[in-house]
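Please read the structure below before turning to the comments.
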Amino acid sequence: METIQDVTYVSTFSKKLITQLFSSSIIQTINNYVGYEK
Numbered sequence: 010m011e012t013i014q015d016v017t018y019v020s021t022f023s024k025k026l027i028t029q030l031f032s033s034s035i036i037q038t039i040n041n042y043v044g045y046e047k
């Protein structure tokens, strides 16, 4: 049972990490675009 819980934890952690990276890159892209617009 512990291994299944570990896998779930790792996959949840990965999803959070990917979501965070994805959000940061979108914000970065928007900031760059806005910067070029000005």
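With the working numbering applied, the sequence shown covers 10 to 47. Quick reminder that beta carbons are idealized off the backbone N, C-alpha and C, glycines included.
Can you grab the Cα-Cα spacing for the pair residue i / residue j, in whole Å?
i	j	result
residue 31	residue 44	20 Å
residue 22	residue 34	18 Å
residue 42	residue 18	36 Å
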